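Residue numbers (UniProt numbering), protein chains in the order written: chain A, 1 to 699; chain B, 1 to 699.
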């Protein structure tokens, strides 16, 4: 009770204004109240537990009195909303959207300014946002600081990454809340650009678990025209406070009334599966604004990409892969360039042979000799191919084989330059029939002084999505800020990286085996991730005996990731020749669907394991993925998600008995059996292992 | 002698390294020398006078040792260059470019870094630049400060404007050097956005006159990928030091070797006419990079513009001309919109009737209800007309009448937004046949933290010129940084405002009568100005009895400005109906040429008067303009510039006897006479007055 009185010391709730709203299911409720100073405050209760203790809300406005206290309630309104919706692509054919809403209209007596708070209480979490109505007292304004508190009720277990303005490509740290400390992270982690201004600051989504077994997650939805929210940590008082990523001037957001902030979200449930299966973040975004969505299609693809990561070839044509001023004057081929017409044709042949939709080619365009690490503004023009890449011939060849080329736009962080060339770049794609582009933001941002997670960049990513929609193109952004559901509004924004992807396993300490069990509780809540699974040659010593880097999973787990890490855009990331040596295992990647009628999360524990079964959208097949962390795991699953009375041929791609991510990662076995909805399936996952299963209905 | 020893106190010249180069004409020389600390230094001598005392050169580089001292001379090279060139449009058909060059290759012993200094000595001034050769010791680098000194030899008379990062739209202050003080300026001068960080800082070009009657001017040429140089003033030591306009982070310039700075220029002459007739700034730029220049044509134009300045109509369709959030939701016409199809047709008719090439229309596109003063990012899209402006009909009408429409792109300083839309905006121009665009940069710059005069913006203006060239379009930028001759390289950058234009007379304290006598010594050295002369209704009380604003010239001087202020793009800025009441005076505007075979500056004294005669490029007519400041002036001119033996009909448009800019500005008279090259012409200019003369050869 000590801590309880601790926060009470800061403010006293005025009894008159308290208002509680409860989720449709009855277990989760939120209470709004004004403090005696007229500060808006909220608290959250799950069943019998006070999960978020009274926490104040407020804003500091540049050059104006703060919007923090002295408020009176003008009006409150509460109602239940049930508006399920149909995503263009998704984990389920329909997405529920059922919540109780509370709207609180406030007026700051001393200034006459209006502020509205909107709360939504779902069964698995709450969301709220600030709304600044159109008003004579407030027109243009600059957010100096958002002061949203999240007062936790204990020293929870947390999965956190540091509050870096420029990168989320960190492995998660699993510590108690009180032990969060950025200074303790090993920064020799392969991340090229880091901007950390405080060791007591973390990024959201912040996944947590209480001592009582409750799962908590603090995140946000609909980050539009606003910076990304990081979280200030007060380790001793268990308080989190919003920290908005600034611009070069230290300003946070430039707004004009009427304006809204993103939704601040708190997932709360005693069943971890309710968190990973929630689509609350998407539902909190605006409905689809694209009228013709016919061009938005799921894709499985291969690409000239991993071979550069493993050092077999280079992005650049004339340099030494130093990426810094290697070429001097005219381009002299080094002979190691990956994106040659000939090599690309090999990938096209492979894609066509195995039924892939697309081929990504990185390093096709001039600029890679001197693109990285120097804050250089004019690097790429996005339209000029290297001399050994025949844009026309490659596309003609692909089209003849029924394969689509995927464009690549690395911006090197020079967003100003990218925006200048965007129309031309997209027009080139239309001219040749590219349906999708992978964009990249490696390096310090230009306009200089901006960060990857600031308002300017958030607006940029969203702008690119909208402009891509003008051209009916799909976009997959890498090194962008992490998605918060904007692809509900612009579903052509088909995927993003925006977390530590598989590539780090090729040339850094890599991703620990638990990494992929956490992503569904964090990064994936906001939208699909282009994680690029499917690496069969796990150890980099295969390419170069001196290398000790490796993928931190078994081969079978790489297959399971196609199911556990949802994305309508999935790469088979390894080299064609590596797949050709394991065509039996490769069959799962060929078979697995990427757009889903239904998804059933069967088991989930952040940092430990996850098992999900999904039914393809246009068909009767099911696919199952089960993964574990560094610990072996045996689990028995009921297959009651299958259609009753139907027989299925189940093909299990699983770790061989002796498999182990570190010592024997490639040991897999494939087992076929007949099952029904009444069957039980026992899976044995190796340390760092996984199992992938396909269920094909039998006639 | 006291001051002379003063600077000697700072450094001692090492006698060994001195090297002097002299201009082809022999009067001007520059001496380079290393100080005993190995600092590069230069001094300038005109005839027998030491005009610039030894002044050091150097750079501070961010995060690296400074490039200031410890240099040794590796090599020097000197040669005379004579490379006259032919401008696409200009004051003369051919531009001389004759100078002595000295190249000094330096090496900083302690770091091994190389620096080259290049000096050019013309008859009327010197120029020098820093060159950073490609070298292993220096690749990417950031200029933290440029430390170029200009040590003057006395308390010269100066014509200065404050070192404002965002605006040059100031009237000139005429004071002695020691009295330069930004704090003494009346800031109630109509400039909307001012960013002055020091009162002892001025902009260049800085025009000066010594007690000995020498004319001095410090400026720069070829500002490309570098910020604008302002000048720090040390009033007591008569020292000027370069001050580069910073970005949001305080950085000055991001460079990669090989790189060069702009040319730092010092005009020196005892004949003021040699300064105003110099095209040294242009010559210091790179030759034309446009292969097809056929679309670059001089233009005289009228436009829907002045009527907004005088309050007759508005830019916006639905607002109250407040320019700030006047419209709420849907557009409801106020009935005062200027850019209506009907009104524009009236201007087209007028243009066609009187032989003008173009019609500018401002306020044609949506956004003007809320465009100014709030650092708003998304204001204009540059393609969407207001409902009452029929883009297609207007252009069809204009084309049928043989008139071209001039596009208008006000960016409101939101350059990020403009660049995003630029291809679309230019494509729209091509679709409808617009040959030229007037752009505007009113307001704080976005990317936020950048200034109008910083490297980012310099690059932007030049980028727009290059991209306009892609579309074969001409550009005329307003509120951009002042030109430094880049239109030699991109002659489609046909004109710019970038100084205090005529518009300030409509709604502010205006431009004092001496203003236009200074511009040729400052702003015009860098390139043509779209000053928008030709105002016949001088006093704003004509429109509104309560107004006391007025143009600070006589009507006759407005005519003379078409000759004295060179531009291949000249507006007849007043309203058609005002011209129709004075068709006799208007005849001069109709007649006057805008591209020239030759120009003869007959008289010039900054702040006092200027007289110039010009011969049209494709014809035998001459035009003469003579202007004075607030003092009446009588002058007798020899007409020996006319072709000997030829008779000319001279039409004089001059101030009537009783004319006075303040009390009787519209009193003019028109006199016709026959003259030859042997004639003399006596002109009587009223206070704030002028005379315009056309000379037409008689058969």
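Cβ atoms here follow ideal geometry from the backbone N, Cα and C, with glycine treated the same way. On a predicted model such as this, the values are computed, not experimentally measured, just so you know.
- Counting C-beta pairs with one atom in each stretch, the region 463-480 of chain A and the region 515-527 of chain A have fewer than three that are closer than 8 Å, which means they do not touch.
- In this structure, residue 649 of chain A sits away from residue 577 of chain A, with a CB-CB distance that is not shorter than 8 Å.
- If the five residues before and after residue 698 of chain A are omitted, its C-beta is found closer than 6 Å to the C-beta atoms of 647, 649, all from its own chain and listed in chain order.
- Secondary-structure assignment with DSSP links residue 315 of chain B through no beta bridge to anything.
- Residue contact check for residue 259 of chain B against chain A: no CB pair falls below 8 Å.
- Residue 131 of chain B and residue 115 of chain B have their C-alpha atoms spaced approximately 6 Å apart.
- For residue 425 of chain A, no Cβ of chain B is located within less than 8 Å of the residue's own Cβ.
- Sequence-ordered contacts of the region 408-441 of chain B with chain A read 416, 419, 420, 422, 423, 424 [C-beta pairs closer than 8 Å].
- Take residue 461 of chain A, set aside five residues on each side of it, and the residues of its chain with a beta-carbon closer than 7 Å to its own are 477, 480, 481, in chain order.
- Under the three-state reduction of DSSP output, residue 526 of chain B falls in the helix class.
- Take residue 446 of chain A, set aside five residues on each side of it, and the residues of its chain with a beta-carbon closer than 8 Å to its own are 375, 377, 413, 414, 415, 416, 417, in chain order.
- Exclusion of the five residues before and after residue 69 of chain B leaves 37, 38, 39 as the residues of its chain whose Cβ lies within less than 6 Å of its Cβ.
- For secondary structure counted as the alpha helix (DSSP H) over 4 or more consecutive residues, the region 509-590 of chain A holds these complete runs in sequence order: 515-518, 555-564, 576-580.
- In the three-state reduction of the DSSP assignment, residue 456 of chain A falls in the helix class.
- Going by DSSP, residue 130 of chain A is part of the beta strand (DSSP E) stretching over 125-132.
- Two segments are said to touch when three or more pairs of C-beta atoms, one from each, lie closer than 8 Å; by this definition the region 539-548 of chain B touches the region 304-313 of chain B.
- Contact with chain B is absent for residue 505 of chain A, since none of that chain's Cβ atoms lies less than 8 Å from the residue's Cβ.
- In the same chain as residue 522 of chain B, and ignoring 5 residues on each side of it, the C-beta atoms closer than 6 Å to its own belong to 205, 207, in chain order.
- Around residue 341 of chain B, the same chain offers 388, 389, 390, 393, 394 as residues with beta carbons nearer than 7 Å, after the five sequence neighbours per side are excluded.
- For residue 256 of chain B, the chain A residues whose C-beta falls within less than 9 Å of its own C-beta are 325, 370, 374, 376, listed in chain order.
- Annotation note: the region 16-91 of chain B contains the following uninterrupted beta strand (DSSP E) runs of length 3 or greater, listed N- to C-terminal: 19-22, 28-34, 40-46, 49-56, 59-61, 71-82.
- Put simply, the backbone Cα of residue 609 of chain A is about 41 Å away from that of residue 448 of chain A.
- Secondary structure of residue 178 of chain B (DSSP, three-state): helix.
- The DSSP-derived three-state label of residue 638 of chain B is strand.
- Taking 8 Å as the cut-off, the Cβ atoms of residue 677 of chain B and residue 642 of chain B count as close.
- Of the residues A:58, A:495, A:162, A:117, the one whose Cα lies closest to the Cα of residue 143 of chain A is A:58.
- DSSP places residue 426 of chain B in the uninterrupted alpha helix (DSSP H) bounded by 415-432.
- Burial check for residue 512 of chain A: the Cβ neighbour count within 10 Å reaches 16 or more, so the residue is buried.
- The beta carbon of residue 288 of chain B sits closer than 8 Å to the beta carbons of 88, 488, 489, 490, 491 from its chain, once the five residues preceding and following it are set aside; these are given in chain order.
- Short of 6 Å from the beta carbon of residue 692 of chain A, and not among the five residues preceding or following it, lie these beta carbons of its own chain, in chain order: 559, 560, 588, 625, 653.
- In summary, no residue of the region 200-220 of chain A has a CB separated from any CB of chain B by less than 9 Å.
- The Cβ of residue 448 of chain B sits closer than 8 Å to at least one Cβ of chain A.
- Chain order gives no chain A residues near residue 301 of chain B, where near means a beta carbon separation below 9 Å; the closest approach is about 29 Å.
- Residues of the region 104-118 of chain A with a C-beta atom less than 9 Å from some C-beta of chain B do not occur.
- For the region 129-142 of chain A, the set of positions with a beta-carbon nearer than 8 Å to some beta-carbon of chain B reads 134, 139, 140 in chain order.
- Taking residue 159 of chain A as the centre and dropping the five residues before and after it, the same chain places the C-beta of 172, 173, 174, 206, 207, 208, 518, 521, 522, 606, 607 closer than 8 Å to its C-beta, in chain order.
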